[in-house]
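Residue numbers (the UniProt record's numbering): 1 to 72. Using N, Cα and C, we set each Cβ at its ideal position, and we do this for glycine too. Note that the structure is predicted; figures quoted are calculated from it, not measured.
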């Protein structure tokens with residue numbers, strides 16, 4: 001088991017996960033590298049300002065009255 005210092009929603013986690021998978025699957029490693037190179041080039045072509053990124057968090061406001069059939 002490899003512990004990664006990333007949250008599951010971070011892109012770095014996805015990259016590390018793919019790298020770990022490729023380590024244990026050498027037969028698909030060459031195909032994945034060429035594919036990931038194409039994807040990396042496409043991502044670099046797009047300008048993204050990460051300072052403007054704001055995660056969407058929803059707040060659910062329910063009270064017990066909203067669930068009349070609920071049992072303790």
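| Check | Outcome |
| --- | --- |
| Residues near residue 4 by beta carbon distance below 7 Å, same chain, minus five either side | 13 and 16 |
| Nearest residue (CA-CA) to residue 20, options 8, 7 and 1 | 1 |
| Residue interval of the alpha helix (DSSP H) (run including residue 12) | 11-24 |
| Assigned secondary structure, residue 1 (DSSP; H/G/I helix, E/B strand, else coil) | coil |
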